[in-house]
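For reference, the structure is listed below as structure tokens.
In full-length UniProt numbering, the protein residues as written are 1 to 265.
Have a look at this one:
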């Protein structure tokens, strides 16, 4: 990672320049030349405007390919569970819709996948600014999570927490089960059964942790708390960062549903 230093204009020019973002772009006099578009998270301050910077993948082709492989593995993991396969199709679909993103993040951690982001070109940011009023009229678009630096920081925080736990393959497997079988998903037909599957996954996970770490009495709670933080990574953010460059405007959930219910030949 290369250090990327920027001067923050959010406090100095807030009062004098109401269109501060556009002002910063047109009057930037820092080190963000063409050869310095690589972010280093450790070298940044946490001002509001910095965190709202829009970013994209630095090596889009290779990173999207690796992310796609992780996502396919995630869906095949779900398909491989008899307890999931025997659920009503509507329950499978609802669980997929609710849980694919946190399971994908777990997959990123398990595969030790790292990625780099870079500043979105100024031309694209200017275009977004000019279209901002039009976008506000579209409620669907405002619900999307943009690929901001803050969102990337949050994802990296989740990954670092998982890596610090140094989970084994067994721990990952039963943790995925505990996340997948979520009885709180609205509309489930087999809610009680799914609740039982979640409790069973948590029970076995607890046994595995006790066996592997008999002296670490707080590890089970720490693992579950870390898993709960994965819900803060928005599905729309994951889609836009890792998959939009590949699938375009195609609905990712439709693709995942097709993979899930495709018959193995």
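Think of the CB as a built atom: it goes at the ideal place given N, C-alpha and C, for glycine as much as any other residue. Note that the structure is a prediction, hence the values are computed from the model and not measured.
Sub-7 Å separation of residue 104 and residue 71 beta-carbons | For the purposes of this step, residue 104 is taken as residue 104 along the chain shown, with counting starting at 1. For the purposes of this step, residue 71 is taken as residue 71 along the chain shown, with counting starting at 1. Yes, the pair counts as a contact, with Cβ atoms nearer than the cut-off.
On a CA-only basis, which of 247, 229 and 217 is nearest residue 101? Give me that one, please.
-> Residue numbering aside, residue 101 sits at position 101 when the chain shown is read from its first letter. Measuring from the Cα of residue 101, the nearest candidate turns out to be 229.
Which one or two residues does DSSP pair with residue 70 in a beta bridge?
-> Working through the chain shown from its first residue, we reach residue 70 at position 70. BP columns for residue 70 are empty, so no partner.
Based on the DSSP output, what are the partners of residue 119 in its beta bridges?
-> Numbered from 1 along the chain shown, position 119 holds the residue referred to as residue 119. Its beta-bridge partners are 55.
List the endpoints of the continuous alpha helix (DSSP H) containing residue 236.
-> Along the chain shown, read from residue 1 onward, the residue named residue 236 stands at position 236. Annotation for residue 236: the continuous alpha helix (DSSP H) segment containing it runs 235-238.
Report yes if the C-beta distance between residue 149 and residue 208 is below 7 Å; otherwise report no.
-> Here residue 149 is taken as the residue at index 149 of the chain shown, counted from 1. Here residue 208 is taken as the residue at index 208 of the chain shown, counted from 1. No, Cβ-Cβ distance for residue 149 and residue 208 is not below 7 Å.
Neighbour-count burial assignment, residue 261, 16 or more Cβ in a 10 Å radius | Residue mapping note: residue 261 aligns to position 261 of the chain shown, counting from 1. With fewer than 16 Cβ atoms within 10 Å of its Cβ, residue 261 is classed as exposed.
Please name the residue in 219, 248, 263 and 197 whose C-alpha comes closest to that of residue 164.
-> Taking the chain shown and counting its residues from 1, the one referred to as residue 164 is at position 164. The candidate whose alpha carbon is nearest that of residue 164 is 219.
So what's residue 221 in DSSP terms, helix, strand or just coil?
-> Residue mapping note: residue 221 aligns to position 221 of the chain shown, counting from 1. In this structure, residue 221 counts as helix in the three-state DSSP scheme.
Pairing CB atoms from the segment 165-177 with CB atoms from the segment 252-261, are three or more of them under 8 Å?
-> Contact annotation: the segment 165-177 does not touch the segment 252-261, with fewer than three C-beta pairs closer than 8 Å.
Round the Cβ separation of residue 180 and residue 89 to the nearest angstrom and send it over; I've been treating them as touching at under 8 Å.
-> Here residue 180 refers to the residue found at position 180 when the chain shown is read from its first residue. Here residue 89 refers to the residue found at position 89 when the chain shown is read from its first residue. About 15 Å separates the Cβ atoms of residue 180 and residue 89, ruling out a contact at the 8 Å cut-off.
For residue 110, which option in 161, 210 and 81 has the closest C-alpha, if you only look at C-alpha atoms?
-> Against the chain shown, residue 110 aligns to sequence position 110. Of the candidates 161, 210 and 81, the one whose C-alpha sits nearest the C-alpha of residue 110 is 161.
Would you call residue 78 buried or exposed, if buried means 16 or more other Cβ atoms sit within 10 Å of its Cβ?
-> One-based indexing of the chain shown puts residue 78 at position 78. Counting other Cβ atoms within 10 Å of its Cβ, residue 78 reaches 16 or more and is therefore classed as buried.
Considering only C-alpha positions, which residue in the set 198, 201, 196 and 158 is nearest to residue 106?
-> Taking the chain shown and counting its residues from 1, one reaches residue 106 at position 106. Cα-wise, what sits closest to residue 106 is 158.
Find the nearest neighbour of residue 119 within the set 246, 192 and 59, judged by alpha-carbon distance.
-> Position 119 of the chain shown, counting from 1, holds the residue named residue 119. Minimum Cα distance to residue 119 is reached at 59.
Just curious, the alpha helix (DSSP H) that residue 257 is in, first and last residue?
-> Working through the chain shown from its first residue, we reach residue 257 at position 257. Residue range 252-261 is occupied by the alpha helix (DSSP H) that includes residue 257.
From the DSSP output, in three-state form, read off residue 148 for me.
-> Translated into the one-based positions of the chain shown, residue 148 becomes position 148. DSSP places residue 148 in the strand class (E or B) of the three-state scheme.
Does the Cβ-Cβ distance between residue 151 and residue 237 come in under 7 Å?
-> Your numbering for residue 151 matches position 151 in the chain shown. Your numbering for residue 237 matches position 237 in the chain shown. Yes.
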